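Asks: Can you keep this structure in mind? I'll have questions shortly.
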Amino acid sequence: MKSFEQGNEWMKLWAENQKSMFEAWVSGKPPPFAFRGEAPPAGDAMGQAAQISDLMRQSMEQWAEYAKGGWTKGAQLDPEAMRKLFDPEEWKRAGSAFDLGMEKLTEGPTYATLWDMDRKTLGLQKLWVERAKDVERYWEVTQAAWTKALERFMKVAADNKGEPITSGRQLLDLWLATANKALLEMHRSEEFLEAQRRMTRSSTEYRLAEREMAEAFCEVHHIPTRTEVDELQRTVVELRREIRALKSKGKA
Amino acid sequence: MRVKVDPREAMKEFTAFSERIQRGRELLDKTRDKDVQIATTPKREVFRQDKVVLYHYTPTAKKTVSTPVLMAYGLIGRYTMADLQEDRSLVRNLLAQGVDLYVVDWGTPTRGDRWLTLEDYIDGYLGECVDFIREKHKIEAVSLLGICEGGVFTTCYAARNPKKVKSMTLTITPIDFHAGAKDAPLHHGLIGLWARSMTKPDVDRLIEANGNLPGELMSVVFSMMTPVNSLTKYNVGLFDVMDDEKKLLNFLRMEKWLADRPDHPGEAAKQWLKDLYQDNLLVKGEFKLGGRKVDLKKINMPVLNVFAEEDHIVPPKSTQALKPLIGTKKYTELPLPGGHVGVFVSGKSQGILGKSIYGWLKANS
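Sequence order for the protein chains is A and B. Number 262 marks the last residue of the first sequence (the numbering used here); no jumps. Number 448 marks the last residue of the second sequence (the numbering used here); no jumps.
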């Protein structure tokens, strides 16, 4: 058997077993713990490695196909199955609905998150683009105010009305006062407030998505996440609050 | 054409400017960090809980006001503004006249403090400080002096604990968060406009993303009220004062204070922005702390309300709204010239502020 064919055999066997496990998972049947079919003979590992990326791609495609059907069937969980899932009596029995339920809970999400990082990265990129657009829009609005200020300044400086400007400082002060007024008008405008709101919102969403990515990395590498630390700190604050309340009760 | 600059005059002006820059550079060269220290009035720590520290200022004169005064600044900015420099210090002014003065320092909140609420600060930390002073002096009640957001803290505390408050002085304190918006000058009320331009979920997400309300963000919002001044303070404002040592040091001290803007704890910031700036619940009698409404009618002690006539952050109408809402007839208003911070640091109002507060405390404590 050529190494390529050997690899294909392994792939088929693996895919077949995964498929049957998945089918069992969505239909609530006991999981097929034993291999189906016979394992192909061992061959040249180096040769197999040469084809591994192609085989993996094929496997991913097959999994994607199974998933489409699987989620549809998975939605058919009946109330009885749900009851069993949370019934402590059921938990005692090996191979029971509880085990199946556990499998659904443990394998399901793992399967569903196969391309989770890719989706997250894509989402982050989209948010980055949104943020960049909103920042650009914000600067457009701000720039328009500066342009307006310059127009006004040129008009006032060219006008013969008013006190003559006889020093550089007077000219500078006129420019600063004109610019200040134009900027303040802009800061109060609905256009600016909308641009600012959008920029704040998209920056915030980007930051949160960035955190989600960082937390995924942390989870894989056994590092506490921001969310976990936040939860911990919340507990500490609540405990301190309780201590304070108890102390003041004691005093009273 | 209004511009009629004589080239020879322009040259003279440029020469004078260059000379000033040269003198200024020499001054800046010899200025060291120790020359621009702020909040230097001696004080000692007397109580601490978490990051909050209660300080007692060392008396500099014989006590003339019987009830000790507890000063509370807000969480936006720091209390050091009341003691910016020796000759412009409300703290030193009050001490010199015999006031026994304490100040609460909220510390520098970090992400770990994001869950602290206004209840924690008002009922918790402020309450603990009040109780400490009451126990130490064996008295029933203390006098409160609230500044800006700290004024809202003392107002809420006084409404919830009237028996523990002998008198209350408020300075530049917002009460009606929507007042003063109509027909106001362009630079007035921009914080309210900014806060109300966000939806409630926007505020929640902002805090979720940052943990706290970042001090830098608040600095940007403040800068929007005086946009050109903020943009030109180092290339126009600084040049204007850099050849005058006293003015230069004043400038640098103010910069030091401005740069020290801590983050506002997240949950408390949500309440501040949503309940107060957006929904204006305090004046509606619907503002709740720990599930209980803050009833301003319960404020039955004498109240002195000091505000700045040119305040662009807390418009006078916002703070004057307190009068009909409280349950005491002993209400006094003191309008002072200047802006929000100017009341505390300008030479013009500084003398009036300290003397007026002292006179009122002496009569009402």
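Glycine included, every Cβ here is placed at the ideal spot set by N, Cα and C. Predicted model, so just to flag it, every value in this text is computed and none were measured.
1. Using the beta-carbon count (16 or more within 10 Å), is K249 of chain B buried or exposed?
2. Count the other CB atoms, across all protein chains shown, that sit within 10 Å of the CB of S149 of chain B; report buried if there are 16 or more and exposed otherwise.
3. Tell me which residues of the segment 168-183 of chain A have at least one Cβ-Cβ distance to chain B shorter than 8 Å, keeping chain order.
4. Name the chain A residues that come within less than 9 Å of E96 of chain B, Cβ to Cβ?
5. On the DSSP letters alone, give me the boundaries of the beta strand (DSSP E) that V135 of chain B sits inside.
6. I'd like to know whether the C-beta of I253 of chain A is nearer than 8 Å to at least one C-beta of chain B.
7. So the beta strand (DSSP E) Y185 of chain B belongs to, where does it begin and stop?
8. Can you tell me where the beta strand (DSSP E) holding L228 of chain B begins and where it ends?
9. Within 10 angstroms of its Cβ, does Y138 of chain B collect 16 or more other Cβ (buried), or is it exposed?
10. Once DSSP output is grouped into helix, strand and coil, what is the label at Y414 of chain B?
11. According to DSSP, is L199 of chain B helix, strand or coil?
12. Against chain A, which members of the segment 312-341 of chain B pass a CB distance test of less than 9 Å?
13. Would you verify that the beta carbon of A122 of chain B is, or is not, closer than 8 Å to some beta carbon of chain A?
14. Are the segment 155-166 of chain B and the segment 178-189 of chain B touching, with three or more C-beta to C-beta distances below 8 Å?
15. Within 10 angstroms of its Cβ, does G79 of chain A collect 16 or more other Cβ (buried), or is it exposed?
16. How many Å lie between W277 of chain B and T152 of chain A at the Cα?
17. Output the distance between the C-alpha atoms of E393 of chain B and F305 of chain B, rounded to the nearest integer angstrom.
18. Tell me, please, whether the CB atom of D128 of chain A is closer than 8 Å to any CB atom in chain B?
19. Which two residues bound the contiguous alpha helix (DSSP H) that contains R127 of chain B?
20. Take R175 of chain B as the anchor and find which of B:D133, B:K126, B:G207 and B:V366 has the nearest alpha-carbon.
21. Run through the DSSP bridge pairs and tell me what A93 of chain B is partnered with.
22. Looking at the C-beta of R250 of chain A, does it have a partner C-beta in chain B at a distance below 8 Å?
23. Compute the Euclidean distance between the alpha carbons of A136 of chain A and E241 of chain A, then round it to the nearest angstrom.
24. Less than 8 Å between CB atoms is the rule here; does A52 of chain A satisfy it with respect to chain B?
25. Taking the straight line between their C-alpha atoms, what separation do you get for V136 of chain B and H347 of chain B?
26. Give the list of continuous beta strand (DSSP E) stretches no shorter than 3 residues that lie fully inside the segment 139-188 of chain A.
27. Any idea if L256 of chain A is buried or exposed, counting beta-carbon neighbours within 10 angstroms, 16 or more meaning buried?
28. With a 10 Å radius around its C-beta and 16 neighbouring C-beta atoms as the bar for buried, classify Q206 of chain A as buried or exposed.
29. Within its chain, find whatever has a CB closer than 8 Å to the CB of G373 of chain B; leave out the 5 residues flanking it on each side and keep chain order.
30. Closer than 9 Å, Cβ to any Cβ of chain A: which residues of the segment 85-114 of chain B, in chain order?
31. Please report the residue range of the beta strand (DSSP E) in which L167 of chain B lies.
32. Name the residue from B:L173, B:V182, B:L111 and B:D112 whose alpha carbon lies nearest to the alpha carbon of A144 of chain B.
33. Alpha carbon to alpha carbon, how far is D128 of chain A from W81 of chain A? Give it in angstroms, no decimals.
34. Under 8 Å between C-beta atoms, does S280 of chain B make it to chain E?
35. Starting from E291 of chain B, find everything on chain A with Cβ-Cβ shorter than 7 Å and list it in chain order.
36. Suppose contacts are defined by Cβ-Cβ distances below 8 Å. Is V389 of chain B in contact with L341 of chain B by that definition?
Replies: With the structure as the only source:
1. Working through the second sequence from its first residue, we reach residue 249 of chain B at position 166. Per the 10 Å Cβ criterion, buried.
2. Here residue 149 of chain B refers to the residue found at position 66 of the second sequence. S149 of chain B is exposed by the Cβ-count criterion.
3. A168, D169, N170, K171, G172, E173, P174, I175, T176, S177, G178, R179, L181 and L182
4. As a position in the second sequence, residue 96 of chain B is number 13, starting the count at 1. Simply S177, G178 and R179.
5. Translated into positions along the second sequence, residue 135 of chain B becomes position 52. Taken as a continuous stretch (DSSP letters only), the beta strand (DSSP E) holding V135 of chain B covers V135 to Y140.
6. If you number the first sequence from 1, residue 253 of chain A lands on position 243. By this cut-off, I253 of chain A is not an interface position.
7. The residue given as residue 185 of chain B occupies position 102 in the second sequence. Note, Y185 of chain B: beta strand (DSSP E), L184 to D188.
8. As a working mapping, residue 228 of chain B is identified with position 145 in the second sequence. Residues V225 to I230.
9. In the second sequence, counting from the first residue as 1, residue 138 of chain B sits at position 55. With 16 or more Cβ atoms within 10 Å of its Cβ, Y138 of chain B is classed as buried.
10. For the purposes of this step, residue 414 of chain B is identified with residue 331 of the second sequence, where counting begins at 1. Y414 of chain B falls in the strand class under three-state DSSP.
11. Position 116 of the second sequence, counted from the start, is the residue given in the question as residue 199 of chain B. If DSSP states are grouped into helix, strand and coil, L199 of chain B belongs with coil.
12. N312, L314, T315 and V319
13. Taking the second sequence and counting its residues from 1, the one referred to as residue 122 of chain B is at position 39. No - not a single Cβ of chain A is within 8 Å of the one on A122 of chain B.
14. yes
15. Within the first sequence, residue 79 of chain A is the residue found at index 69, counting from 1. Residue placement at G79 of chain A cannot be trusted, given a pLDDT of 47 that sits under 50; what the coordinates show is reported in the next sentence. G79 of chain A is exposed by the Cβ-count criterion.
16. Sequence index remark: in the second sequence, residue 277 of chain B carries index 194 (1-based). Sequence index remark: in the first sequence, residue 152 of chain A carries index 142 (1-based). Computed Cα separation, rounded: 16 Å.
17. Here residue 393 of chain B refers to the residue found at position 310 when the second sequence is read from its first residue. Here residue 305 of chain B refers to the residue found at position 222 when the second sequence is read from its first residue. The alpha-carbon atoms of E393 of chain B and F305 of chain B are separated by roughly 15 Å.
18. Along the first sequence, read from residue 1 onward, the residue named residue 128 of chain A stands at position 118. Answer no: the Cβ-Cβ gap between D128 of chain A and chain B never drops below 8 Å.
19. Against the second sequence, residue 127 of chain B aligns to sequence position 44. Careful: R127 of chain B lies outside any alpha helix (DSSP H), inside the beta strand (DSSP E) at K126 to Q132.
20. Here residue 175 of chain B is taken as the residue at index 92 of the second sequence, counted from 1. Of the listed residues, the one whose Cα sits closest to R175 of chain B is B:K126.
21. The count along the second sequence starts at 1 and reaches residue 93 of chain B at position 10. Answer by DSSP bridge pairing: none, since A93 of chain B is not bridged.
22. Translated into the one-based positions of the first sequence, residue 250 of chain A becomes position 240. Yes, because at least one Cβ of chain B sits closer than 8 Å to the Cβ of R250 of chain A.
23. Along the first sequence, read from residue 1 onward, the residue named residue 136 of chain A stands at position 126. Along the first sequence, read from residue 1 onward, the residue named residue 241 of chain A stands at position 231. Residue 136 of chain A is actually Lys in this sequence, not Ala. Going from the Cα of K136 of chain A to the Cα of E241 of chain A covers about 29 Å.
24. Position 42 of the first sequence, counted from the first residue, corresponds to residue 52 of chain A. Below a pLDDT of 50, predicted positions are generally treated as unreliable, and A52 of chain A, at 48, falls in that range; the measurement from the model is reported next regardless. Not an interface residue.
25. For this step, residue 136 of chain B is matched to residue 53 along the second sequence. For this step, residue 347 of chain B is matched to residue 264 along the second sequence. Each residue's Cα considered, the two are about 17 Å apart.
26. none
27. Position 246 of the first sequence holds residue 256 of chain A. L256 of chain A is exposed by the Cβ-count criterion.
28. For the purposes of this step, residue 206 of chain A is taken as the residue at position 196 of the first sequence. Buried, by the Cβ-count rule.
29. Within the second sequence, numbered from 1, the residue matching residue 373 of chain B stands at position 290. Cβ neighbours of G373 of chain B beyond the five flanking positions: E202 and D206.
30. R85, V86, K87, V88, D89, E92, A93, E96, F97 and F100
31. Residue mapping note: residue 167 of chain B aligns to position 84 of the second sequence, counting from 1. Residues D166 to Q168.
32. Taking the first residue of the second sequence as position 1, residue 144 of chain B is located at position 61. Ranking the options by Cα distance to A144 of chain B, first place goes to B:V182.
33. Locating residue 81 of chain A in the first sequence gives position 71, where the first residue counts as 1. Locating residue 128 of chain A in the first sequence gives position 118, where the first residue counts as 1. Since pLDDT at W81 of chain A reaches only 44, below the 50 mark, its modelled position is unreliable, and no value is offered.
34. Here the protein chains are A and B, and chain E is not one of them.
35. Along the second sequence, one-based indexing puts residue 291 of chain B at 208. Near E291 of chain B (Cβ distances below 7 Å), the residues of chain A are L218.
36. Residue numbering aside, residue 389 of chain B sits at position 306 when the second sequence is read from its first letter. Residue numbering aside, residue 341 of chain B sits at position 258 when the second sequence is read from its first letter. Contact flag unset, no.
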